[in-house]
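Comments concern the structure below.
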Amino acid sequence: MKPATISIYCKKCNTLLYKYHKHGPGKLVKCFVDRITKDYTKGDLTCPKCATEFARFSMVWRKPAHKIIQGKVLVKGHFGP
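Numbering (the working numbering), first residue to last: 133 to 213.
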């Protein structure tokens, strides 16, 4: 299955936060930093418009990742082949 490009928005104010290459089906739990194609947040893990924290930095499988705080983001895009 090839990666899907999805858009991740702030749930509170609907501001675009990331463009991301998601691999596999299922909920968005974490974003690996190397798969973020466009970051509109300047890397601080808060919404640039309303300052809501939407993720926390973590290391997953020895790779830097942003762990999404559930209920803080909306995901739009295509998850499929």
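No residue lacks a Cβ here, since even glycine has one placed at the ideal position from N, Cα and C.
Across the set Thr137, Lys208, Gly203 and Thr147, the C-alpha of Thr147 shows the shortest separation from the C-alpha of Ala183.
In the three-state reduction of the DSSP assignment, Val207 falls in the strand class, which pools E and B. Taken through DSSP and simplified to helix, strand or coil, Val161 comes out as coil. Remark: C-beta atoms of Tyr152 and Thr169 approach each other more closely than 8 Å.
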